[in-house]
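Trainee: Read top to bottom, the protein sequences are chains F and A. Here the first sequence is numbered in our numbering, starting from -3 and rising by one per residue. Here the second sequence is numbered in our numbering, starting from 3 and rising by one per residue.
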Amino acid sequence: MKRGSVSAIVNLVEPWAALEPLTTQRPVGTLPFGGRYRLLDFPLSSATNAGIQNVMVAAPRSGRSVMDHLRSGRDWNLDSIRGGLFMYPYNDLQLVSVEKKATLLHHYYDNAMLFLKRSQSEYTVVMGTRNVSNIDLRALTRYHEERDNPITTVYKSIDPNTLAPDHTILQLTAKGMATAVVPADKAKLKKTAKTVAKNLGIYLLSTVDLIDILQEANRRGVLISLEELMMQAVMQQNANAFEYTGFYANIHDVSSYYAANMAILDETNFRALFYSSRQIYTKVKNEVPTFFAQGSQFRASLCGTGGYIEGQVEHSVIFRNVLINRDSQIKDAVIMQGTRIGAGTQIENAVIDKNVVIGPNLVLKGQPNQPLVIRKGAHIFKQTEVVASD
Amino acid sequence: MTDEMLGIILAGGQGTRLGKLTKDTAKPAVPFGGRYRIIDFTLSNCANSGVNTVGVITQYQPLELNAHIGNGASWGLDDSSGGVTVLQPYSSTEGEKFFEGTAHAIYQNIEYIDQHHPKYLLVLSGDHIYKMDYAAMLAYHKAKKAALTVGVIPVTKEEAKRFGMMNTDETDRIIEFEEKPVHPKSDKASMGIYIFNWPTLRDYLVKSYATDKSLEDFGKNVIPAYLTHNESVYAYAFEGYWRDVGTIQSLWQANMEFLSPHNRLNIGDQHWRIYSKAQVLPPMFLTATSQVNDAMIVDSCYVAGEINHSILSQRVSVGMGSRIVDSMIMSGATIGKNVVIDHALVGEDAIIGDDATVKGTTADIAVVGYHETVGVQQP
């Protein structure tokens, strides 16, 4: 694949309400994941690893957290003089005023079309961030080129029992062609089916065709999301269906976010996601080594740098710059960057957001399927401040 | 673009006293403290002191150092007007520009320095662990109206025998210089840090290399020449943490000190960060069988064994049943199962096979070289 022949659109306009309060101040795409990453690192790294140099990021709101993370795009090798990273904020139509909507009616996709025209790419891949994967986009492009349908979709074969109502699945023909993308709760599944083709929300098509689709949407004057447009395109045109077989996690609510973090504590998953030939890139930070004090215990867990660990940690994902004081017990938890845990505090089945301060001798416990969530920047010093989750 | 003060880091030394560790790499590129190389301290001091144009003079085995420094972006030294430049010997009509001593190294790079028209030249060595504000030293240099200011650190009488010692008057003006004196008269040891008025030094060097070529080394030749010609030479006293890590013993010792949360170096100070080449690696993974106490560990380490009072660098893996005590393991080393490593420095990408033992003592630190294999049966 020639460099520059494919461009990418990473769409951060994704459903976020079920992930609150984690998504109160950030789009789903900048949710921290796996000790040092953000969800959008995965599609961006896939693009970088396939030699894609033109990347557009559509942010729902101001994109402050997105820009803080991406900066010039340099950490993904996207600051090249050939191509680069293009950021477009304020794409969430739910947040647009009625007056603004009127002016957007025939212009919503102007920026995306301009990006695509200037990219001079032959193909474009459209991706979201809530399906964590490490996909080979070169293989996807080859697959597309070898087949006749104008659009290629990606699926993962999963157990139908693990489907959530808001997932979408691909309806496949016997020859492996996708004829529709349908919501899981409306899909008619055979009772005998052992697997189902879970849609990963990745679409590859020729850039000219995508410009046509966007132009048509602008002309009709219906404000419709890019994700919706892609699903319609599959329905109207039939699609090739590419099976992805690597590590996959879907993040659609707090429980699935928590489960996805716990899943990478499994060594096989961890290696599949992070130690394949396709590296995952993220914003580079300059942290000191993590210090494990005398008397600490840190087991079956991941940890970022810059940490100071005195307590006991088991089966948890600990991000960068976390301080865990002595005699504390952390189990089955996700603790994000900059958070401090007081001495003697017990935490279990919990997601603690960034820069939280938890005082000493508290008990914070959620349920394995319903973790306790502490919002970003919270300071908790009294047991009564922690609402029991059951 | 004119820089008031240009930094030059002398990174060409072989560092023979580091034995195996500098067989294929220059001393300033030797790893330190889990995620640093020795030169990071000097480069970060430059960046934090506002010395934005820095030349790094290399000669011996420069590849790893070049790769590490890159375009200087990791230290924020990638400014469009200056930044960091790696200076390699090259050939010209005047002959090849290899160098013999510290002052000769500056002479061979006069053209680079002249490009930046500095008023002051800051000369540093790339092989010390410390945090120092060179801007404060420059302010002192200006206040003293000095031609040369030498950074000095207090040492004991015993240590003084290994250093260049500065004897000063009550105004801190240097009146005498003694190289490795048997009976030291002062406690002020040269740190190998100099601020020169560049035009003056330039004259001295140009004249010397047009005639007797005597000014080869700063300590041995230039400082005595300045004193003979009655130039104003001052000592600038540094009180902070400073370690020369030129020997296996001192490198190990400084790493062990680095482990202490009470180390005076204060590596965690956000106002004077030590930067290093940024690498994106997955977080460290400690398994259910790991036992980690009093240890520093960084990204992409995999630990299934026991780590006690030791430092693991990036991409180190330690198998189940292994025990690492009082040691520093450099990046990429693979340590098998049931291995014992005690009082050791283990080089980059070394392989320690299952059941092997690498054991040193406080007086005699064990060293495993880069890419060296220990205890694995060769096919």
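Each residue gets a CB set at the ideal place from its N, CA and C atoms; glycine is no exception. Remember, predicted model here, so these are calculated numbers, not experimental data.
Evaluate the contact criterion for the region 256 to 263 of chain F versus the region 225 to 235 of chain F: three or more CB pairs, one atom per stretch, below 8 Å.
Mentor: As far as the Cβ criterion goes, the region 256 to 263 of chain F does not touch the region 225 to 235 of chain F, which means the pair count is below three.
Trainee: Would you tell me roughly how many angstroms separate the C-alpha atoms of residue 178/F and residue 111/F, rounded to the nearest one?
Mentor: In a straight line, the C-alpha of residue 178/F is about 29 Å away from that of residue 111/F.
Trainee: State buried or exposed for residue 87/A, treating a residue as buried only when at least 16 other CB atoms are found within 10 Å of its CB.
Mentor: Label assigned to residue 87/A: buried.
Trainee: So within the region 225 to 299 of chain F, which uninterrupted beta strand (DSSP E) runs reach at least 3 residues, ignoring any that extend past its ends?
Mentor: Correct list: 235 to 239, 286 to 288, 293 to 295 and 297 to 299.
Trainee: Taking only three categories from DSSP, how would you classify residue 96/F?
Mentor: DSSP places residue 96/F in helix when its eight states are reduced to three.
Trainee: Within 10 angstroms of the Cβ of residue 377/F, are there 16 or more other Cβ atoms? Answer buried if so, exposed if not.
Mentor: It is exposed - the Cβ of residue 377/F has fewer than 16 other Cβ atoms within 10 Å.
Trainee: Please look up how many angstroms separate the CB atoms of residue 196/A and residue 247/A, rounded, as I've assumed it's under 8 Å.
Mentor: That pair is no contact at about 20 Å.
Trainee: One question on the structure: do residue 221/F and residue 130/F come within less than 8 Å of each other, judged by their Cβ atoms?
Mentor: No, the pair does not count as a contact, with Cβ atoms beyond the cut-off.
Trainee: Per DSSP, what kind of secondary structure is residue 153/A in: helix, strand or coil?
Mentor: Here residue 153/A sits in strand by DSSP.
Trainee: Please state if the CB of residue 25/F and the CB of residue 32/F are separated by a distance shorter than 8 Å.
Mentor: No; because the gap between Cβ atoms is not below 8 Å, this pair is not in contact.
Trainee: Using three-state DSSP, classify residue 65/F as helix, strand or coil.
Mentor: Reduced to three states, the DSSP call for residue 65/F is helix.
Trainee: Identify the continuous beta strand (DSSP E) that holds residue 361/F and give its terminal residues.
Mentor: Segment 359 to 361, the beta strand (DSSP E) holding residue 361/F.
Trainee: Give a yes or no on contact between the region 46 to 65 of chain A and the region 12 to 29 of chain A, applying the rule of three or more CB pairs nearer than 8 Å.
Mentor: Touching, yes, given that three or more Cβ pairs across the two stretches are closer than 8 Å.
Trainee: Which residues, taken in chain order from the region 340 to 360 of chain A, show a beta carbon closer than 9 Å to some beta carbon of chain F?
Mentor: So the list is empty, because no residue satisfies the distance condition.
Trainee: Residues of chain A with a CB under 9 Å from the CB of residue 329/F: which are they?
Mentor: Simply none; closest approach about 15 Å.
Trainee: Out of curiosity, what's the CA-to-CA distance linking residue 174/A and residue 49/A?
Mentor: One C-alpha to the other measures close to 28 Å.
Trainee: Could you tell me whether any Cβ in chain F is nearer than 8 Å to the Cβ of residue 33/A?
Mentor: No, residue 33/A lies away from the interface with chain F (no Cβ there is under 8 Å from its Cβ).
Trainee: Give the residues from the region 264 to 288 of chain A that approach chain F closer than 9 Å (Cβ to any Cβ), ordered along the chain.
Mentor: Within the region 264 to 288 of chain A, the qualifying residues are 269, 270, 275, 276, 277, 278, 280, 281, 282, 283, 284, 285, 286, 287 and 288.
Trainee: Quick one: list the residues of chain A neighbouring residue 278/F, beta-carbon separation under 9 Å, in chain order.
Mentor: Those are 282, listed as they occur along chain A.
Trainee: Within the 8 Å Cβ cut-off, does residue 296/F reach chain A?
Mentor: It does; some Cβ of chain A falls within 8 Å.
Trainee: My understanding is that residue 150/F touches residue 240/F, with C-beta atoms under 8 Å, so please give their C-beta distance in whole angstroms.
Mentor: Contact flag correct, Cβ pair sits at about 5 Å.
Trainee: Tell me where the alpha helix (DSSP H) around residue 179/A begins and ends.
Mentor: Here residue 179/A belongs to no alpha helix (DSSP H); instead the beta strand (DSSP E) covers 176 to 181.
Trainee: Using the beta-carbon of each residue, which ones in chain A are nearer than 7 Å to residue 472/F?
Mentor: With chain F covering -3 to 386 only, the question about residue 472/F has no answer from this structure.
Trainee: Using a beta-carbon distance cut-off of less than 8 Å, what residues from the region 37 to 68 of chain F approach chain A?
Mentor: Listed in sequence order: no entries.
Trainee: Is there a Cβ from chain F that is less than 8 Å from the Cβ of residue 72/A?
Mentor: Not closer than 8 Å to any Cβ of chain F, the Cβ of residue 72/A fails to qualify, so no.
Trainee: In chain F, which residues lie less than 7 Å from residue 36/A when you measure between Cβ atoms?
Mentor: Those within 7 Å of residue 36/A in chain F are 285.
Trainee: Can you pull the chain A residues whose beta carbon is under 9 Å from the beta carbon of residue 300/F, in chain order?
Mentor: 285, 286 and 301, listed in chain order.
Trainee: Closest Cβ-Cβ distance between residue 144/F and chain A: below 8 Å?
Mentor: It does not; no Cβ of chain A falls within 8 Å.
Trainee: Please name the residue or residues paired with residue 346/F in a DSSP beta bridge.
Mentor: DSSP lists 329/F and 368/F as partners of residue 346/F.
Trainee: Comparing C-alpha positions only, which one of 249/A, 212/A, 57/A and 69/A sits nearest to residue 11/A?
Mentor: The shortest Cα separation from residue 11/A among 249/A, 212/A, 57/A and 69/A belongs to 57/A.
Trainee: Using beta carbons (cut-off 8 Å, strictly below), is residue 71/F in contact with chain A?
Mentor: Yes, residue 71/F counts as interfacial toward chain A.
Trainee: On a CA-only basis, which of 299/F, 78/F and 161/F is nearest residue 288/F? Give me that one, please.
Mentor: Checking every option, the nearest Cα to that of residue 288/F belongs to 299/F.
Trainee: Grouping DSSP H, G and I as helix and E and B as strand, with all else coil, what is residue 245/A?
Mentor: Three-state result, residue 245/A: strand.
Trainee: Can the beta-carbon of residue 119/F be found closer than 8 Å to that of residue 292/F?
Mentor: Cβ atoms of residue 119/F and residue 292/F: not closer than 8 Å.
Trainee: Hey, is residue 386/F's beta-carbon within less than 8 Å of any beta-carbon in chain A?
Mentor: Note that residue 386/F has pLDDT 42, beneath the 50 cutoff, so the model's placement of it is unreliable and the number below is only indicative. False, the Cβ-Cβ gap to chain A never drops below 8 Å.
Trainee: For a contact defined as C-beta to C-beta under 8 Å, what are the partners of residue 266/F on chain A?
Mentor: Neighbours of residue 266/F on chain A, chain order: 284 and 287.
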